[in-house]
Amino acid sequence: MIILGIETSCDETAAAIVGDDRRVLSNVIASQIATHRPFGGVVPEIAARAHLGLIDGVVRQALDEAGVGIGEIGAVAAAAGPGLIGGVLVGVTAAKAIAAARGIPFVAVNHLEGHALTARLTDDVPFPYLLLLTSGGHCQTLIVRGPGDYTRLGTTIDDAAGEAFDKTAKMMGLPYPGGPEIERRSAGGDAKRFPLPRPMKGAPGCDFSFSGLKTAVRQTLDKLPGPPTETDVADLCAAIQAAITDSLCARLKPALKAFREACPEGRHLVVAGGVAANRPLRAALDALAHKSGLAFVAPPLPLCTDNGAMIAWAGIERLRTAGGDPLDFKPRPRWPLDGTAPKARGAGIKA
Ligand code: KG4
Ligand code: ZN
150 MIILGIETSC DETAAAIVGD DRRVLSNVIA SQIATHRPFG GVVPEIAARA HLGLIDGVVR
210 QALDEAGVGI GEIGAVAAAA GPGLIGGVLV GVTAAKAIAA ARGIPFVAVN HLEGHALTAR
270 LTDDVPFPYL LLLTSGGHCQ TLIVRGPGDY TRLGTTIDDA AGEAFDKTAK MMGLPYPGGP
330 EIERRSAGGD AKRFPLPRPM KGAPGCDFSF SGLKTAVRQT LDKLPGPPTE TDVADLCAAI
390 QAAITDSLCA RLKPALKAFR EACPEGRHLV VAGGVAANRP LRAALDALAH KSGLAFVAPP
450 LPLCTDNGAM IAWAGIERLR TAGGDPLDFK PRPRWPLDGT APKARGAGIK A
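Residue numbers (this note's numbering): 150 to 500.
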């Protein structure tokens, strides 16, 4: 069986064709980064309109690149939340229309579940595993026991890690999205020149916090004698990247302990979401997993940031375990993976 997956919940219009044998036949991503760049972040109304203009062409290209006709698709999945509702509506409506016209199942996929299950598409990782889900809107640690079966151990109490990258980049006058820009400029920077805090390091529980980092970067910039030089920016980028990496690793330690206690049979630490594309972070997580006796799995870079293949794959897993969804399924701007976890800013919210 092959499935079409559609992703429109933020600023990527994406569609992919994926087989239930884990083959990615196509994975088309039309990024709107250039459209939003003048505004320093994603503008929801502009995103929704751009998705509308792009969706038909992106789906057609995904079919063409896979070399399949629409008649060969066995099901269609779309990210139905959490996310910017105008964009989500575009992808969900397109998917429902295709499902209705072709008489095939429609699957409403939680965008976060797309990220969460990517390691099973790429590396066939068995359940249960410990997941660090870190993106522009989320920063959570979760025990993943199966599709729809998540226990949240920690979440951010303020900003997500990707948000911290994006907002501090903006303060330095760097373009959106900040994460890849900061990673690039960190090369050759001195991470020790500007001391930055490691919020919540050693605090009880597994939650994250990144807003203090933002304040510290603001104060560091204000103390410079003039506008930051290229060297200042490189040093500050290196310091920010090191602080975020250290904080994520420090807050993962209690989560690793909780995971070992809850799931002694678990063998894997998995990272997912846009921030998982960061190479120094991947190296640090690899070392941490190794020290904890776990194997480390990070998806290839194009499958870390938003894409249609992750939605297609989660659609396949949902179809197998829960079946399809009715065509009157209502998209959800908020949709936590662990519905029993206490409400917290950052959980199930895509800012
Ligand atoms: O998963 P994603 O594409 O969209 C959301 O669901 O939020 O994640 C986007 C986030 C942005 O905050 C971006 O700055 C960050 O991922 N990001 C990175 C890197 N590539 C993307 N952060 C750090 N290093 C990177 N290489
Ligand atoms: Zn995402």
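Ideal Cβ positions, reconstructed from N, Cα and C, are used throughout, including at glycine.
Everything numeric in this text was worked out from a predicted model, so none of it was measured.
To the nearest angstrom, how far is the alpha carbon of residue i from that of residue j?
{"i": "T271", "j": "A318", "result": "31 Å"}
{"i": "S358", "j": "K372", "result": "24 Å"}
{"i": "K350", "j": "K402", "result": "10 Å"}
{"i": "R333", "j": "L233", "result": "28 Å"}
{"i": "W484", "j": "T378", "result": "42 Å"}
{"i": "G286", "j": "A199", "result": "20 Å"}
{"i": "D160", "j": "Q368", "result": "30 Å"}
{"i": "R416", "j": "L280", "result": "12 Å"}
{"i": "K479", "j": "A336", "result": "45 Å"}
{"i": "G397", "j": "G218", "result": "In the sequence under discussion, the amino acid at residue 397 is Leu, which differs from the Gly named in the question. One C-alpha to the other measures close to 44 Å."}
{"i": "S441", "j": "Q181", "result": "39 Å"}
{"i": "G252", "j": "G338", "result": "56 Å"}
{"i": "I460", "j": "K363", "result": "32 Å"}
{"i": "D307", "j": "D487", "result": "18 Å"}
{"i": "G497", "j": "T290", "result": "In this predicted model, G497 has a pLDDT of only 44, less than 50, meaning its place in the structure is not dependable enough to derive any value."}
{"i": "N427", "j": "I292", "result": "22 Å"}
{"i": "F314", "j": "A425", "result": "12 Å"}
{"i": "K499", "j": "M150", "result": "Unreliable positioning characterises K499 in this predicted model, as indicated by a pLDDT of 39, which lies under 50. The coordinate reading is nonetheless provided below. Near 31 Å, if we compare the C-alpha coordinates of M150 and K499."}
{"i": "P254", "j": "A268", "result": "24 Å"}
{"i": "I204", "j": "A163", "result": "8 Å"}
{"i": "P374", "j": "I331", "result": "22 Å"}
{"i": "A411", "j": "Y278", "result": "11 Å"}
{"i": "I222", "j": "A179", "result": "21 Å"}
{"i": "D384", "j": "R342", "result": "7 Å"}
{"i": "P413", "j": "V208", "result": "42 Å"}
{"i": "V167", "j": "I465", "result": "9 Å"}
{"i": "T283", "j": "D435", "result": "15 Å"}
{"i": "A183", "j": "A463", "result": "28 Å"}
{"i": "G354", "j": "G220", "result": "50 Å"}
Going by Cα to Cα distance, which pick from the options is closest to residue i?
{"i": "D474", "options": "D384, A224 and V239", "result": "A224"}
{"i": "G311", "options": "P329, P353 and R400", "result": "P329"}
{"i": "V177", "options": "A165, A425, D487 and I465", "result": "A165"}
{"i": "P92", "options": "V382, A352 and L468", "result": "Because residue 92 is not part of the residues shown, which for the chain are 150 to 500, the question remains open."}
{"i": "V420", "options": "L430, A493 and K492", "result": "L430"}
{"i": "A493", "options": "D356, P326 and N456", "result": "D356"}
{"i": "L261", "options": "A228, P376 and F276", "result": "A228"}
{"i": "H439", "options": "I152, G202, A458 and L418", "result": "L418"}
{"i": "A226", "options": "L443, T157 and F276", "result": "T157"}
{"i": "G322", "options": "Y299, L370, A352 and A197", "result": "L370"}
{"i": "G206", "options": "A243, A490 and G220", "result": "A243"}
{"i": "V366", "options": "P326, P376, M320 and G354", "result": "M320"}
{"i": "F276", "options": "D298, C288 and S360", "result": "D298"}
{"i": "D170", "options": "I152, R481 and G327", "result": "I152"}
{"i": "G210", "options": "P491, S175, G263 and H185", "result": "The residue you asked about is not Gly; residue 210 is Gln in the sequence shown. Answer by Cα proximity: S175."}
{"i": "L201", "options": "V237, P187, R186 and H185", "result": "V237"}
If residue i and residue j are in contact, beta carbons under 8 Å, what's the gap, nearest whole angstrom?
{"i": "A257", "j": "V239", "result": "Not confirmed; about 14 Å, so no contact."}
{"i": "A340", "j": "A387", "result": "4 Å"}
{"i": "A471", "j": "P296", "result": "7 Å"}
{"i": "V173", "j": "V446", "result": "Their Cβ separation, rounded to whole angstroms, is 16 Å, which puts V173 and V446 out of contact at 8 Å."}
{"i": "G457", "j": "G154", "result": "4 Å"}
{"i": "A309", "j": "C288", "result": "4 Å"}
Report yes or no: do three or more beta-carbon pairs, one from the segment 343-358 and one from the segment 389-398, lie closer than 8 Å? In this structure the segment 343-358 lies against the segment 389-398, because at least three pairs of beta carbons, one per stretch, are closer than 8 Å.
Counting by C-beta, which residues lie closer than 5 Å to a heavy atom of the ligand ZN, in chain order? Those satisfying the condition are, in chain order, S284 and D455.
Taking 8 Å as the cut-off, does the segment 297-305 touch the segment 404-414 (at least 3 CB pairs, one atom from each stretch)? Yes: the two stretches touch, three or more of their Cβ pairs being nearer than 8 Å.
Are the segment 180-194 and the segment 214-223 in contact at 8 Å, needing three or more beta carbon pairs? These segments do not touch.
Closer than 8 Å is the cut-off here; do at least three beta carbon pairs connect the segment 234-250 with the segment 448-455? Between the segment 234-250 and the segment 448-455, the count of Cβ pairs shorter than 8 Å is below three; the stretches do not touch.
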